[in-house]
Amino acid sequence: MSDLPLSISGLTVAYQRKPVLWDIDIDIPPGSLVGVIGPNGAGKSTLLRACLGLIPVAAGEVRFFGQSYRQVDSRVAYVPQRESVDWDFPINAIDVVTMGLYRQIGWCRPVRKRHRETAREALQQVGLGELADRQINQLSGGQQQRVFLARALVQRADLYLMDEPLAAVDAATEQAIVGTLRSLRDAGKTAIVIHHDLPTVREYFDRVVLLNVRLLASGPVEEAFTDENLQQTYGGRLTLLDRATEAIARREIRT
Amino acid sequence: MNRYLLAEAWTRTLLLQDHNTRVVVIATTALGIAAGVIGSFTLLRRRALMGDALSHAMLPGIGLAFLAAPLIGWSEKSLPVLLAGACASGIVGTGTILFLRRYVRLNEDAVLGIVLSVFFGAGLAILGLVQQTSGGHAAGLESFIYGKTASITTTDAIGIGVTAVLTITFVGCLFKELTLLCFDEGFAAAKRFSTLGLDIGLMGMVIVITVVGLQAVGLILMIALLVIPASAARFWTTHVATMAWLSAAIAAVSCLVGALISASVPDLPSGAMIVLVAAAMFVVSISLGPQSGIFTRLADRRARLLPPPGVRRNPSAEDRVAGDRPEVGVGQTKDADRRYPGTAP
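The listed protein sequences derive, respectively, from chains S and E. Using the numbering used here, the first residue of the first sequence is number 1, and each one after it goes up by one. Using the numbering used here, the first residue of the second sequence is number 256, and each one after it goes up by one.
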């Protein structure tokens with residue numbers, strides 16, 4: 001059990017005494033693609049950020065590969081939300097990807113040519129080899145998202161935590177990212193991906209985590225991604241999110 | 256005859272024949288380099304105005320140090336004591352900003368405005384009292400507000416030079432860490448770089464530079480050296496390193512020229528001249544700079560009939576790589592319009 005890429009027990013996070021995550025227990029087995037699903041404000045981003053120690057935790061424990069995050073941080077890669085940074089920043093794509101290697105390079109040491117070569121390979125892997133030297137505000141939203149993905153890939157981690165990599169991207173980017181996720185899984189890696197688009201969950205993921213402040217379900221897609229669990233997760237808000245899913249859910253509940 | 260004397264004064268100034276002028280010019284230029292480099296990072300970190308609040312918050316410290324110096328056996332005009340006071344009250348001001356921002360529900364700009372004005376007001380009040388009690392003794396204190404390069408001594412110049420070297424070492428050593436901090440704080444923290452430590456280092460450098468720059472440009476205008484050159488540099492480059500060097504060069508030239516003008520024309524305050532020279536270079540940059548400069552944008556629009564940078568361009572053929580399609584149809588971007596807020600022509 002101690003080899004689980006991610007094991008969360010009793011995790012509780014609160015902002016000014018209001019709980020955002022309440023008593024979460026999740027175990028993620030290796031080699032799986034996990035979709036984290038839940039309405040806006042369910043605490044999905046908070047879950048990832050709390051696991052990485054970016055925000056204070058009120059209670060609970062998070063273990064990566066059986067150890068604390070600081071012991072194994074080199075085996076974990078994080079892809080923040082694309083909107084979280086300023087894309088007008090004076091930097092080009094390859095330099096952003098190189099940031100994935102900064103920890104490995106170490107404090108105060110310069111970026112060497114071989115680091116840039118590694119970064120260039122990662123950019124080629126996500127189909128952006130030719131745009132390596134372009135300033136990031138000259139890239140489309142989908143290309144920017146792939147730059148973020150390349151920055152995670154370059155770390156050669158075993159566990160990837162991704163905050164909405166498929167939000168508001170073009171079809172080509174979506175296919176490139178999903179393809180990359182699958183090849184990561186085939187190499188025995190694990191990815192935990194916050195996802196918004198309910199209709200594609202079955203196609204893209206092996207496991208799901210349904211979250212709305214509390215954990216509603218966590219397990220293989222066939223078992224956990226049920227209409228009942230979805231209704232519980234989204235409550236009355238399901239209608240706003242996905243009419244098609246709701247229609248299917250209603251029909252199946254009746255029969 | 257009169258004209259001849261004036262010409263000679265100019266020549267002496269411009270050729271740096273005067274020892275004093277030489278000291279002043281070297282000191283202010285070094286100050287410009289330091290402020291230009293650090294200013295690039297505070298600008299990218301979106302902490303530019305923090306430097307302004309910080310420098311204004313130094314005034315009460317100067318006044319109090321003036322009052323306290325005789326009590327600890329120093330001369331009341333001893334520069335180290337005054338600068339130590341400035342430094343201490345600058346740190347208190349920064350602490351107040353951080354405290355209010357964290358524990359009181361106020362916008363950042365409100366916090367900065369309140370701390371800046373209250374500290375500056377308190378400083379003016381203390382200086383008023385100081386001037387009443389000590390008669391003509393306190394006469395030189397306003398030079399900290401407006402800047403008076405003539406008061407720079409060789410020792411001060413050495414202090415400024417050391418600061419410049421320190422700044423370049425700091426940025427040279429932590430260049431990639433500071434860039435990461437400014438670009439993506441969350442990722443930096445996830446990779447276990449101490450963002451708090453880096454922020455403290457950055458603000459610490461701002462405090463040191465402001466303190467040694469007080470005499471040259473004064474605390475009101477110190478912010479100009481931290482913001483204007485860095486902002487101007489952004490219009491010329493898309494690399495942080497180039498931006499930092501360019502910003503240092505622009506700031507250094509502003510200081511050099513500003514100090515020379517101020518030295519050769521009596522009663523022109525140096526701080527003001529430095530700011531005006533920097534402003535002129537800023538205007539040139541925003542007009543002609545290849546990165547979103549006004550004329551570049553106009554020329555671009557004429558030549559290619561494209562919207563100006565800042566507005567999302569439709570991906571043209573050269574923008575697409577193999578297998579990539581423009582963002583239409585499936586998964587259409589919801590945020591294409593709000594990604595570059597406020598930059599529409």
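Where a beta carbon is used, it is the ideal one built from N, C-alpha and C, also for glycine.
If the five residues before and after S/LYS44 are omitted, its C-beta is found closer than 7 Å to the C-beta atoms of VAL36, GLY38, ILE194, LEU211, all from its own chain and listed in chain order.
For E/LYS332, the three-state secondary structure derived from DSSP is coil. Looking at S/ARG112, S/TRP107, S/ASN92, the one whose alpha-carbon comes closest to that of S/ASP133 is S/ASN92. The residue from S/LEU153, S/SER140, S/LEU11 with its alpha-carbon nearest to that of S/ARG214 is S/LEU11. In this structure, E/LEU361 keeps its C-beta atom at 7 Å or more from the C-beta atom of E/LEU367. Within the region 172–222 of chain S, the complete alpha helix (DSSP H) segments at least 4 residues long are 201–204, listed from N- to C-terminus.
The C-alpha of S/LEU161 is placed about 10 Å away from the C-alpha of S/LEU33. Taking 7 Å as the Cβ-Cβ cut-off, the region 122–152 of chain S approaches chain E at GLY127, LEU128, GLU130, LEU131, GLN135, SER140, GLY141, GLY142, given in chain order. Taking 4 residues as the minimum length, the alpha helix (DSSP H) runs contained wholly in the region 292–359 of chain E are 303–311, 314–323, 334–358, in order along the chain.
Here S/CYS51 is buried. Its C-beta has 16 or more other C-beta atoms within 10 Å. Contacts with chain S at 7 Å (Cβ-Cβ) do not include E/MET460. With contacts defined as CB atoms closer than 7 Å, E/ILE483 and E/ALA405 fail to qualify as a contacting pair. Taking a C-beta cut-off of 7 Å against chain E, none of the residues of the region 178–193 of chain S qualify.
Around the beta carbon of E/PHE550, fewer than 16 other beta carbons lie within 10 angstroms, which makes this residue exposed. Shown here for E/LEU531: same chain residues with a beta carbon closer than 8 Å to its own, the five before and five after excluded, namely GLY513 in chain order. Annotated three-state conformation of S/ALA59 is strand, per DSSP. Counting along the chain, the unbroken beta strand (DSSP E) around S/VAL76 starts and ends at 76–79.
For E/LEU435, the neighbours in chain S by C-beta distance under 8 Å run, in chain order, MET99, TYR102. In this chain, the alpha helix (DSSP H) harbouring E/LEU451 covers 450–472. Taking a contact to require three or more Cβ pairs closer than 8 Å, the region 440–447 of chain E and the region 71–84 of chain S qualify as touching. Within the model, the alpha-carbon separation for S/GLU117 versus E/LEU553 is close to 37 Å. If the five residues before and after S/SER9 are omitted, its C-beta is found closer than 7 Å to the C-beta atoms of ASP25, GLY60, GLU61, all from its own chain and listed in chain order.
Put simply, the backbone Cα of E/SER330 is about 14 Å away from that of E/GLY340. E/THR408 carries a coil assignment under DSSP once its states are collapsed to helix, strand and coil.
In this chain, the alpha helix (DSSP H) harbouring S/VAL72 covers 69–72. Rounded to the nearest whole angstrom, the C-alpha separation of S/ARG63 and S/VAL208 is 19 Å. A Cβ of chain S is located within less than 7 Å of the beta carbon of E/HIS494. In this structure, E/GLY294 lies near E/ALA485, with their beta-carbon atoms less than 7 Å apart. Contact residues of the region 334–364 of chain E toward chain S are absent (C-beta to C-beta distance below 7 Å).
The region 501–515 of chain E and the region 274–288 of chain E touch, with three or more beta-carbon pairs separated by less than 8 Å. Between S/ARG49 and S/ILE55, the alpha-carbon positions lie close to 6 Å from each other. Using a 10 angstroms sphere on the CB of S/ARG146, the tally of other CB atoms reaches 16 or more, which defines it as buried. Chain order gives the chain E residues near S/SER84 as ASP439, GLU440, GLY441, PHE442, where near means a beta carbon separation below 9 Å. Note that the C-beta distance between S/VAL79 and S/PRO165 is below 7 Å. Counting only the Cα atoms, E/VAL495 lies some 10 Å from E/LYS431. In the three-state DSSP reduction, E/ASP364 falls in the helix class (H, G or I).
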